[in-house]
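Undergrad: Below: one structure in structure tokens.
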Amino acid sequence: MTTNTTTKKHQPITPRKQPLRRCVGCGQMKDKRSLTRINKSKEGVINIDPTNKQHGRAAYLCLDHACLQKAKKTKGIERSFKCAISAEIYDELAKQLEVVL
Ligand SMILES: [Zn+2]
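End of the sequence shown = 101 in my numbering, gap-free, step of one.
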């Protein structure tokens with residue numbers, strides 16, 4: 001006796017995988033959308049890129065001043081961009097973080 005049960009498996013709707021990026025402050029892997037993109041342009045200008053569309057190298061940071069402070073301490077952004085980050089740039093990033101927040 002054959003039981004012909006057609007069990008249709010419900011395919012769970014999987015949300016599109018968002019790329020994970022590591023925060024240069026706390027080092028946690030997070031959804032790209034919940035991080036601030038810090039961009040370094042070809043000209044070497046470092047700024048926060050709220051549009052996520054600027055060209056150049058990118059480092060990611062949580063929308064959190066604590067992470068910026070950590071990044072400053074551990075030189076996470078320096079390591080990411082392979083260049084020195086001056087105090088003015090950190091100040092500028094802190095200001096821009098406030099705008100983003
Ligand atoms: Zn973080």
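Even glycine gets a Cβ: it sits at the ideal position worked out from N, Cα and C.
Output the distance between the C-alpha atoms of Pro78 and Gln11, rounded to the nearest integer angstrom.
TA: For this step, residue 78 is matched to residue 78 along the sequence shown. For this step, residue 11 is matched to residue 11 along the sequence shown. First, the amino acid is wrong: residue 78 is Glu here, not Pro. Between Glu78 and Gln11, the C-alpha separation is close to 44 angstroms.
Undergrad: I need the DSSP call for Thr51, collapsed to helix, strand or coil.
TA: Residue numbering aside, residue 51 sits at position 51 when the sequence shown is read from its first letter. Correct three-state label for Thr51: coil.
Undergrad: Ile38 bridges to which residues according to DSSP?
TA: Numbered from 1 along the sequence shown, position 38 holds the residue referred to as residue 38. According to DSSP, Ile38 bridges with Ile48, Ala59.
Undergrad: Taking Cβ positions, are Lys32 and Pro50 nearer each other than 8 angstroms?
TA: Residue mapping note: residue 32 aligns to position 32 of the sequence shown, counting from 1. Residue mapping note: residue 50 aligns to position 50 of the sequence shown, counting from 1. Cβ atoms of Lys32 and Pro50: not closer than 8 angstroms.
Undergrad: Between Phe81, Arg57, Ile89, Arg21, which lies nearest to Gln69 when the distance is taken from Cα to Cα?
TA: Within the sequence shown, numbered from 1, the residue matching residue 69 stands at position 69. Among Phe81, Arg57, Ile89, Arg21, the Cα nearest to that of Gln69 belongs to Ile89.
Undergrad: Pull the bridge partners of Lys30 from the DSSP assignment, please.
TA: In the sequence shown, counting from the first residue as 1, residue 30 sits at position 30. According to DSSP, Lys30 bridges with Arg21.
Undergrad: Does the distance between the C-beta of Asp64 and the nearest non-hydrogen atom of ligand 1 fall short of 7 angstroms?
TA: As a first step, residue 64 is located in the sequence shown; it is residue number 64 there, counting from the start. Asp64: yes, Cβ under 7 angstroms from ligand 1.
Undergrad: Excluding sequence positions up to five away, which residues of its chain have a Cβ less than 8 angstroms from the Cβ of Arg57?
TA: On the sequence shown, position 57 is the one that residue 57 refers to. So the list reads Asn39, Lys40, Ser80, Phe81, once near-sequence residues are dropped.
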